[in-house]
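Protein chains in written order, with my numbering: chain A, 4 to 433; chain B, 4 to 433.
Ideal placement from N, C-alpha and C gives every residue a C-beta, glycine not left out.
Here is the structure we will look at.
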């Protein structure tokens, strides 16, 4: 029987869930898969869960060397997150010939290529199912199944916090600040929500998806990324009227010799399955050339859901132990410059309600070759009171629109920067 | 490098797609997974695709022994379907030490236990991802991932043909016969649609899901199974009014010491994700105790989608080749007697529109302890003209309702057998 001795770094929410879930599933896994997964040692500076972990049969320590350098550890599970010292711990584990399982999306987005190369050099695995879409086994599915159908594009709801916030705003008609505060109070958002609401977390996950779906690790600093923190109740209200829902999307598309990767809020038609994904749920919608579209959804975060993917990774390592399969280090492929691409946009101007304003805006848009599909002004203002003027464009080059909007925003009748949200158009739908 | 020589039995739609998809993906699989998958030989009585298959590098033959007994074949792919001679071919392959991949749900539902035992005795795999929900890698996901979260129940749309028919009926307000005919003309339904429309195909798939999710192979003859052939435009219209959609569901639930397995049309609340799955798409909704709910959807049939799952299975066999993992032969667990369970029902009576009719029906229901939530009679009839009377019950024991309905159907004012459709209630939803 294959026996894997596991060393766990980090006994926080996910780490502790992993220890418990592994203990709960150990006997079943041994029976069904014929492998023994033993949590041998746990390392954390915080000793608050020492007793509970020891009760689960693990030795507790505060020296990470007892895990990454220990002869009796086969698999190192890193669940501390962040770039450093997680990177150094993983590198040390690989250099000592240990397989690694991690949920650290930021680390993989920034240093994945380097770590995968190091793993290959040392003939070790790095597995990271939990790093994208929590409990959904999307990485395994992309790699081992959907790849055979030639993946063409992916639309993901990759961040549960922002989807929770957008869902609350949509269902209750509330503003961003009110909902964020509530989400923070209920533990759905961090005290410092930047990584979530600015789209960084979703963008890191999009980079990992790219590496597996297309074999390309994009430079994380060049991926177009916009958050949800500027979305207002008014934008959401327009969506309801237009039978559309605002979602923070991670979009990946294979083009001729380029990849398109972008993370931003977008209006999605309510008839598309991705629009129906509500709350702290993640979803990944995958189109393939040969085998049609797929949708996968489930919890994207939380202790047990994330830990489940970590357990699966450890099991996969044990099951594949005689046949090492490496993630290819990744080929180079330029990214599409999103600004030069055409799309349909919703723009919300804040303007004085007086004759000639629409003419000036329309004129400036026309100057940049942008034509208008729809104009909506629901309230009446005055020559002193600003109102919202919503303009939906026909297909326009993104940079042209941004430039036109920039110039309009300097005109005396505008109050504040214009809101611009892409309206996502899908080639195919389930 | 691991090399697997594949023998394919059956060069029909799926078989030929498999040959093409394998050829298309061979180089990539070799590069990414380090295994060589070679389609060595194809057997079919029909020689119409002989040249095309030979052009793909495979030898063509009409003698199945050249596959199931051949020394140069490692993996036998069975894609002829049906119970016989598929069973004999697979048994012969296993006895000759060959791993087997099949898409044959009927065969596995009837003889799975026997064939898995034979595979274990001969230290061989049987893999069958394509047998349930076509391209969706649901079997692998259940076994290798979701199991660690303790699967509690599954709701599946497991048959694309019936989902296509129900979707058309719902969207266009058409009757069953009209839509079935169109589906047959467009290749969405077979000339003899019995296996699909009577629910047998979905039921076979539910039995396979049970074996993997719960380790229990139910006796296929004892699983409650009802088709969609009695659903009328009127039933669908009620659903629209009540914000519900009729779906042919495969339902599996783990109970204290029993399993509940049933296949039947049911009303599903439109707010549940499973209600949004339209057309020839399959979906599997899985609840777990520890890790929340999941939804997986994609094409459930068709050459390439089904073949993709076959390719994945062959790859998995090649990757796991040094560590054989057997599907456990399955424990025994009694099935819940659905008739003794409580549920909410929609009933549509066809009755004469005269005083006293409702009193008689309500009286008979009361006799069986069934109380009424809602009564709807939209049209006016007469003492000579029958009209539809819809009664939605509160929770009632299924057998009691059936018995009451049976007695009501004998009353002089009823025209034909009463329609009874369960209204599915979900504990959790994504």
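For residue i, would you say it is in contact with chain A, using Cβ-to-Cβ distances shorter than 7 Å as the test?
i                      : result
residue 326 of chain B : At residue 326 of chain B the pLDDT is 44, less than 50, meaning the model places this residue with poor confidence; the figure from the coordinates comes in the next sentence. Judged by the 7 Å Cβ criterion, residue 326 of chain B is in contact with chain A.
residue 68 of chain B  : no
residue 126 of chain B : no
residue 4 of chain B   : no
residue 314 of chain B : yes
residue 152 of chain B : yes
Evaluate residue i with the Cβ neighbour count: other Cβ atoms within 10 Å of its Cβ, from every protein chain shown; 16 or more gives buried, anything less gives exposed.
i                      : result
residue 148 of chain B : buried
residue 86 of chain B  : exposed
residue 308 of chain B : buried
residue 171 of chain B : buried
residue 358 of chain B : exposed
residue 189 of chain B : exposed
residue 436 of chain B : Because chain B in this structure spans residues 4 to 433, residue 436 of chain B falls outside the shown range and cannot be described.
residue 184 of chain A : exposed
residue 391 of chain A : buried
residue 89 of chain A  : buried
residue 366 of chain A : exposed
Could you check whether residue j and residue i sit closer than 7 Å to each other, using their CB atoms as the reference points?
i                      : j                      : result
residue 371 of chain B : residue 424 of chain B : no
residue 132 of chain A : residue 274 of chain A : no
residue 63 of chain B  : residue 53 of chain B  : yes
residue 154 of chain A : residue 212 of chain A : no
residue 152 of chain A : residue 311 of chain B : yes
residue 165 of chain B : residue 298 of chain B : no
residue 72 of chain A  : residue 99 of chain A  : yes
residue 142 of chain B : residue 215 of chain B : yes
residue 186 of chain B : residue 194 of chain B : no
residue 320 of chain B : residue 75 of chain B  : no
residue 82 of chain A  : residue 17 of chain A  : yes
residue 61 of chain B  : residue 78 of chain B  : no
residue 303 of chain B : residue 137 of chain B : yes
residue 42 of chain B  : residue 25 of chain B  : yes
residue 140 of chain B : residue 144 of chain A : yes
residue 234 of chain B : residue 242 of chain B : no
Hey, out of the options, whose CA is closest to residue i's CA?
i                      : options                       : result
residue 353 of chain B : B:249, B:60 and B:417         : B:417
residue 80 of chain B  : B:112, B:40 and B:153         : B:40
residue 110 of chain A : A:182, A:400 and A:129        : A:129
residue 94 of chain A  : A:194, A:127, A:108 and A:112 : A:127
residue 288 of chain B : B:209, B:23, B:386 and B:385  : B:209
residue 134 of chain B : B:115, B:260, B:99 and B:389  : B:115
residue 373 of chain A : A:379, A:398, A:393 and A:386 : A:398
residue 176 of chain B : B:239, B:302 and B:17         : B:239
residue 218 of chain B : B:163, B:11 and B:146         : B:146
residue 112 of chain A : A:20, A:19 and A:206          : A:206
residue 360 of chain A : A:167, A:142 and A:394        : A:394
residue 279 of chain A : A:294, A:246 and A:295        : A:246
residue 224 of chain B : B:429, B:204 and B:242        : B:204
residue 347 of chain A : A:12, A:144 and A:429         : A:429
residue 317 of chain A : A:91, A:59, A:92 and A:106    : A:106
Strictly under 7 Å for the Cβ-Cβ distance: is residue i near chain B by that measure?
i                      : result
residue 419 of chain A : no
residue 349 of chain A : no
residue 311 of chain A : yes
### Message
Under 9 Å, CB to CB, which of the residues in the stretch 129-147 of chain B have a partner in chain A?
### Response
Identification of residues in the stretch 129-147 of chain B having a C-beta nearer than 9 Å to some C-beta of chain A yields 132, 137, 138, 139, 140, 143, 144, 146 and 147, given in sequence order.
### Task
Could you list the residues in the stretch 243-255 of chain A with a C-beta less than 8 Å from some C-beta on chain B, going in chain order?
Going along the stretch 243-255 of chain A in chain order, one finds no residue with a Cβ nearer than 8 Å to chain B.
### Query
If contact means a Cβ-Cβ distance below 8 Å, which residues of the stretch 296-309 of chain A contact chain B?
Listed by position, the residues of the stretch 296-309 of chain A near chain B (Cβ gap below 8 Å) are 296, 297, 298, 299, 300, 301, 302, 305, 307 and 308.
### Message
Short of 7 Å Cβ to Cβ, which residues in the stretch 166-199 of chain A face chain B?
### Response
With the criterion set as a beta carbon lying under 7 Å from some beta carbon of chain B, the stretch 166-199 of chain A has no members that meet it.
### Query
Which of the residues in the stretch 272-294 of chain A, read from start to end, lie with their CB under 7 Å from any CB of chain B?
So the close ones are 276, 279, 284, 293 and 294.
### Message
Along the stretch 27-56 of chain B, where does the CB come closer than 9 Å to a CB of chain A? Name the residues.
### Response
The residues in question are 27, 28, 31, 32, 34, 35, 36, 37 and 38.
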